[in-house]
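This report concerns only the one structure given below.
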Ligand SMILES: Cc1cc2nc3c(=O)[nH]c(=O)nc-3n(C[C@H](O)[C@H](O)[C@H](O)COP(=O)(O)OP(=O)(O)OC[C@H]3O[C@@H](n4cnc5c(N)ncnc54)[C@H](O)[C@@H]3O)c2cc1C
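Residue numbers (my numbering): 26 to 628.
And the structure:
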């Protein structure tokens, strides 16, 4: 351990997206010394890609909105499997977190009278998403970064954590390598916050960037913390499908929020054909009513294109499977049609959806102001993650906290658009606050030297097998397997095949070899990512097999209905005594009467 560069912090935050930055800011504000580690350059996290907006019941556009309606919408969207305490805190605190961001310098789009403008999004009863065109994440991360650099946070960029260490039953340290030089670093901390984002790279078609290999979920799991709800993966209904090089790239829901409609190859607006019973009362009866809604008519109900993502994705799959899809296997998303309704539609679309305009123009040579887009579902988000306490965000391993997409609970079986950016702000702050408090109350513990040495040795093993398996081949095989056997539509026989094949891939991963040296070596980085990808994939398929029903993001062809048996159960996976993954169902605690009444009143 002597040759290892080591760093000591009260609080170590792993991940510099919205959740990590907000946690680091808060921990520093509480007086803790804070280290912030991220895989890429500061500012490049996933959060920067967020487009549509941040959900908060500010009631700037519709004064009927309030935290109670936001809470009820989030619970309904999550099919009541949400951690209701988190859903309550989120709805109550999101407005203050957004206003705080504004006070720190974020420039949101404005209403006519100068307040933060809010737009419609799927599953939100009223216009609720504060936004900056379709580049909200960029503004959010810029603001948090600008604010964060004044807090005295030590930032370690282009550094990847590979393992956590536990001592005296507490999280004690993290081992990492710097990507540029391939040298190891040890971070000792009294409290650690995981804010590492999602798992999208476990699938072939995804809107996620290379950074999202499930590191945080896997690091927590191997350190002994529990994961929850891993079967709930969100397949966003609208990803680009053509040309093949950009397949999966997100087409923001804001397109539908601004009036975009979904059509099959017969020109039919198929979303009107299937409206779930629990949303019927809130959904427009006619296209004309839907259009009035997106124009802000308070007496109109939302168009079916703005139903929840899980439902819209399945409707699209149904059209494709029935042979009514677009030429490249998706359906059509049309915003250009609004020229029938408003003057200057072209300028309006370019103003409200500038990134989408450029994305399609540059990547697909399509002008979205005149031509429909071809879209299809793409792996986008994971509702599951590290199981945490709703108030403090501490995991089941003392001293280890998790926030943002890496954590589970808030979104239940399905996340509403816009509820992630607000999640990052609300629970990033809480994780930072409670981690700092934990660090104050606990002395530092030193990780076991032998364990650290063993971890560094293990990380270098691929260099000893220059003729071993190609790590990219194993990664691609895993992505194909998850896409084809544990994707949007799941069946027991296919998932059992996935379990077998994951076993084979684990054996192959143990044989991967890399050539070259440790200086920026993407093959080596990929070899190290495999452990995380395999771990989260196993957690997803284990939980998906156990949930013998269809709910939210989890659709079983062999159990297409919701089942009362699973209505109040979360599935939790942990490392068992034998070292194998163990699954257990955990009943949700009953909701307090006050919250139940809010849900009922908003049905
Ligand atoms: C294209 C796109 C558009 C979206 N639009 C919206 C939207 O409009 N509204 C909304 O609410 N949500 C949106 N989302 C979802 C939302 O952006 C993400 O869920 C959210 O940004 C995740 O933030 P986070 O802070 O949890 O993690 P991220 O922003 O994903 O950051 C993770 C951080 O962890 C670091 N990291 C990961 N592993 C390691 C490791 N092993 N060691 C060190 N560092 C590590 C990464 O480098 C990064 O800094 C969108 C997502 C995408 C992909």
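A virtual CB, placed ideally from N, CA and C, is assigned to each residue, including glycine. Nothing here was measured: the structure is a model prediction, and the numbers come from that model.
Would you report the Cα separation of residue i and residue j, rounded to the nearest angstrom?
i           : j           : result
residue 211 : residue 187 : 10 Å
residue 47  : residue 349 : 45 Å
residue 367 : residue 548 : 52 Å
residue 27  : residue 181 : Caution applies to residue 27, whose pLDDT of 47 falls short of 50 and renders its modelled position unreliable; the model cannot decide the point.
residue 466 : residue 204 : 34 Å
residue 346 : residue 336 : 15 Å
residue 94  : residue 370 : 32 Å
residue 630 : residue 431 : Nothing about residue 630 can be read from this structure; the chain reaches only from 26 to 628.
residue 200 : residue 304 : 48 Å
residue 122 : residue 453 : 10 Å
residue 626 : residue 99  : 14 Å
residue 120 : residue 411 : 25 Å
residue 605 : residue 388 : 44 Å
residue 126 : residue 479 : 43 Å
residue 503 : residue 519 : 14 Å
residue 612 : residue 621 : 17 Å
residue 152 : residue 218 : 32 Å
residue 424 : residue 355 : 46 Å
residue 11  : residue 585 : This structure cannot speak to residue 11, because the chain is shown only from 26 to 628.
residue 237 : residue 299 : 33 Å
residue 327 : residue 302 : 15 Å
residue 170 : residue 60  : 14 Å
residue 320 : residue 329 : 15 Å
residue 544 : residue 34  : 27 Å
Bridge partners for residue i per DSSP, in chain order?
i           : result
residue 276 : The partner list for residue 276 (beta bridge, DSSP) is empty, contrary to what the question assumes.
residue 77  : Paired residue(s): none; residue 77 is not in a bridge.
residue 419 : 426
residue 31  : 211
residue 398 : 358
residue 579 : 576
residue 190 : 198
residue 104 : DSSP, once it has assigned bridges, lists no residue as partnering residue 104.
residue 217 : 37, 425
residue 432 : 411
residue 584 : 581
residue 253 : 410, 597
residue 185 : 202
residue 153 : Paired residues: none, contrary to the question.
residue 403 : 261
Could you confirm whether any beta carbon from chain D is found closer than 8 Å to the beta carbon of residue i?
i           : result
residue 353 : Included in the structure is just one protein chain, with no chain D present.
Locate the beta strand (DSSP E) running through residue i, then write down its first and last residues.
i           : result
residue 534 : Run containing residue 534: none in the beta strand (DSSP E); it sits in the alpha helix (DSSP H), 517-534.
residue 181 : 179-181
residue 296 : From DSSP, residue 296 is part of no beta strand (DSSP E); its letter is neither H nor E.
residue 265 : 258-265
residue 141 : Taken as a continuous stretch (DSSP letters only), residue 141 belongs to no beta strand (DSSP E), as it is neither H nor E.
residue 565 : Per DSSP, residue 565 belongs to no beta strand (DSSP E); it is in the alpha helix (DSSP H), 547-571.
residue 20  : With the chain covering 26 to 628 only, the question about residue 20 has no answer from this structure.
residue 62  : 59-62
residue 286 : 286-288
Am I right that residue i and residue j are in contact with their C-beta atoms under 8 Å? What's the rounded C-beta distance?
i           : j           : result
residue 190 : residue 339 : No, residue 190 and residue 339 are not in contact; Cβ-Cβ is about 43 Å, not under 8 Å.
residue 491 : residue 538 : 5 Å
residue 256 : residue 568 : 4 Å
residue 259 : residue 578 : 5 Å
residue 420 : residue 245 : 6 Å
residue 111 : residue 435 : 4 Å
residue 39  : residue 220 : 6 Å
residue 408 : residue 438 : 7 Å
residue 517 : residue 583 : 6 Å
residue 167 : residue 78  : About 15 Å separates the two Cβ atoms, so there is no contact after all.
residue 360 : residue 282 : That pair is no contact at about 10 Å.
residue 163 : residue 232 : Going by Cβ atoms, the distance from residue 163 to residue 232 rounds to 16 Å, so no, they are not a contact pair.
residue 443 : residue 132 : Their Cβ separation, rounded to whole angstroms, is 18 Å, which puts residue 443 and residue 132 out of contact at 8 Å.
residue 292 : residue 276 : Not quite, the Cβ-Cβ distance comes to about 20 Å (not below 8 Å), so this is no contact.
residue 358 : residue 280 : 6 Å
residue 165 : residue 446 : 6 Å
residue 227 : residue 527 : Contact doesn't hold; Cβ gap of about 11 Å is too wide.
residue 71  : residue 42  : 5 Å
Ends of the alpha helix (DSSP H) at residue i?
i           : result
residue 504 : 496-510
residue 596 : It is not in any alpha helix (DSSP H) - residue 596 instead sits in the beta strand (DSSP E) that spans 594-600.
residue 317 : 312-319
residue 609 : Residue 609 -> not in any alpha helix (DSSP H); beta strand (DSSP E) instead, spanning 606-612.
residue 50  : 43-54
For ligand 2, I want to know if residue i counts as a neighbour, meaning its beta carbon is within less than 7 Å of at least one of the ligand's heavy atoms.
i           : result
residue 439 : As presented, the structure is devoid of ligand 2, carrying ligand 1 as its sole ligands.
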